[in-house]
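Here is the structure we will look at, set down as structure tokens.
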Amino acid sequence: MLNGLWLGFFIVAAVSALAQWLIGGNAGIFAAMVESIFAMAKLSVEVMILLFGTLTLWLGFLRIAEKAGIVDWLAKALGPLFLRLMPEVPAGHPAIGLITLNFAANGLGLDNAATPIGLKAMRALQDLNPSPTIASNAQILFLVLNASSLTLLPVTIFMYRAQQGAPDPTLVFLPILLATSASTLVGLLSVAFMQRLRLWDPIVLAYLVPGALVLGGFMALLATLSATALAGLSSILGNLTLFGLIILFLVVGALRKVKVYEAFIEGAKEGFDVAKTLLPYLVAMLCAIGVLRASGALDFGLDGIRHLVQWAGWDTRFVDALPTAMVKPFSGSAARAMLIETMQTSGVDSFPALVAATIQGSTETTFYVLAVYFGAVGIQRARHAVGCALLAEFSGVVAAIGVCYWFFG
Numbered sequence: 001m002l003n004g005l006w007l008g009f010f011i012v013a014a015v016s017a018l019a020q021w022l023i024g025g026n027a028g029i030f031a032a033m034v035e036s037i038f039a040m041a042k043l044s045v046e047v048m049i050l051l052f053g054t055l056t057l058w059l060g061f062l063r064i065a066e067k068a069g070i071v072d073w074l075a076k077a078l079g080p081l082f083l084r085l086m087p088e089v090p091a092g093h094p095a096i097g098l099i100t101l102n103f104a105a106n107g108l109g110l111d112n113a114a115t116p117i118g119l120k121a122m123r124a125l126q127d128l129n130p131s132p133t134i135a136s137n138a139q140i141l142f143l144v145l146n147a148s149s150l151t152l153l154p155v156t157i158f159m160y161r162a163q164q165g166a167p168d169p170t171l172v173f174l175p176i177l178l179a180t181s182a183s184t185l186v187g188l189l190s191v192a193f194m195q196r197l198r199l200w201d202p203i204v205l206a207y208l209v210p211g212a213l214v215l216g217g218f219m220a221l222l223a224t225l226s227a228t229a230l231a232g233l234s235s236i237l238g239n240l241t242l243f244g245l246i247i248l249f250l251v252v253g254a255l256r257k258v259k260v261y262e263a264f265i266e267g268a269k270e271g272f273d274v275a276k277t278l279l280p281y282l283v284a285m286l287c288a289i290g291v292l293r294a295s296g297a298l299d300f301g302l303d304g305i306r307h308l309v310q311w312a313g314w315d316t317r318f319v320d321a322l323p324t325a326m327v328k329p330f331s332g333s334a335a336r337a338m339l340i341e342t343m344q345t346s347g348v349d350s351f352p353a354l355v356a357a358t359i360q361g362s363t364e365t366t367f368y369v370l371a372v373y374f375g376a377v378g379i380q381r382a383r384h385a386v387g388c389a390l391l392a393e394f395s396g397v398v399a400a401i402g403v404c405y406w407f408f409g
């Protein structure tokens, strides 16, 4: 799928350039496309410089959190909830522990730890699956909640904004938190509807009702603030949360007798290794999208959508952020490149760039998650997993657009 998407960018760009040359008489279009390739290759390296530092720093602190037992504590706290949401999984089964560990790791931004734990959880659920080629209810719920992308600390989004010169990289913290909460809630409700889950179970309600009340009360408080105050609050909470967690990791680690410096270095080395593997993907996608933009094809497509939105009587400022939303279900690297290209083209704190950053932080690569998690255990029939996951992703995109109009519009 990724091969086809990447090749398609170049093919569409070539057709658009030929049309501009043969019909529009624009002979300079090919020079612009070649220039764009080299410009995007240079930008990829510039992005990677900050990416090296950010990943190295953050994975160092997260390794302290792991060794201090914070992830394990979160897993134990979430265990009773998942036990009720997956009634076919017996109490004490290893799958429950792995599932809660996976979500705890995702919530803390431990992507590299979350994926292998998630694959182990899927294999554990497969051991209980009576039909090995057909996804079970528990496997579908687990996958959809993974695809809904509930991440409380979108550090990579902050990093990309910082690299592009944003004076306040955490400005999108609250919009991302609200949008990702919406996508996760829709994912849970859609699966609950399809599987007839008992969400009114007292233990499930004990988790969901307080969370809903806190989120509702918080949104009611936000509704009383002006757009300027909302942006300021998002900045304060984003920076306070990020720094507060770092201090929490260090203090808990020290109290648990963790050698915090050595643990940080251990995690930082992993961050360096992870960062250097991303450069080829970033170069490939940024160059392809740069060619697509330089050929005029991307603008042509967005203009068509913009006219439809205008015809419907809606504001059109969000349209320039849609490329990130369109490719996100298929490829995280393509969506990342689209986000960077939008920030380059429109400005890092422009409305389209803020919407694109919020979409990137609150949605997931649905088809990639489906392929990896179901492919690892040989699932061939996904049942309602695809529909529920895409509904959650669509809800995240709509919520991201709506929240950004609320905060920045």
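Numbered by full-length UniProt numbering, the letters in the sequence shown go through residues 1 to 409 in order. Where is the CB? At the ideal position from N, CA and C, for every residue including glycine. Every value quoted in this text rests on a predicted model; they were computed, and no experiment measured them.
- Take the alpha-carbon of Phe-9 and the one of Ala-288: they are about 6 angstroms apart.
- The Cβ neighbour count for Gly-332, taken over all protein chains shown within 10 Å, is at least 16; the residue is labelled buried.
- Under a 10 Å Cβ-count criterion, Tyr-261 is classified as exposed, with fewer than 16 other Cβ atoms of the shown protein chains found around its own Cβ.
- Sorting Gln-360, Ile-157, Val-12 by C-alpha distance to the C-alpha of Glu-393 places Gln-360 at the top.
- Just so you know, the alpha carbons of Ala-399 and Lys-257 end up roughly 43 angstroms apart.
- Rounded to whole angstroms, the Cβ separation of Ile-117 and Leu-98 is 6 angstroms, and the two are in contact under 8 angstroms.
- Here the alpha carbon of Phe-61 sits roughly 10 angstroms from the alpha carbon of Gly-253.
- In the DSSP assignment, Thr-363 falls outside any alpha helix (DSSP H), carrying neither H nor E.
- Judged by DSSP in its simplified three-state form, Ile-176 adopts helix.
- Segment contact: the region 144-153 against the region 178-188, three or more CB-CB distances shorter than 8 angstroms; contact assigned.
- Per the coordinates, the alpha-carbon of Ala-389 lies some 25 angstroms from the alpha-carbon of Pro-90.
- Judged by DSSP in its simplified three-state form, Arg-336 adopts helix.
- Note that the region 214-232 does not touch the region 45-58; fewer than 3 beta-carbon pairs, one per stretch, sit closer than 8 angstroms.
- Annotation: the continuous alpha helix (DSSP H) that includes Trp-311 extends over 297-311.
- Under the three-state reduction of DSSP, Ile-246 is assigned to helix.
- Here Met-338 is buried: its Cβ has 16 or more other Cβ atoms, across all protein chains shown, within 10 Å.
- Taken in chain order, the complete alpha helix (DSSP H) segments of 4 or more residues contained in the UniProt domain "Nucleoside transporter/FeoB GTPase Gate" (50-159) are 70-85, 94-107, 111-126, 137-147.
- The beta carbon of Val-15 lies closer than 8 angstroms to those of Ala-297 in the same chain, with the five residues before and after it left out.
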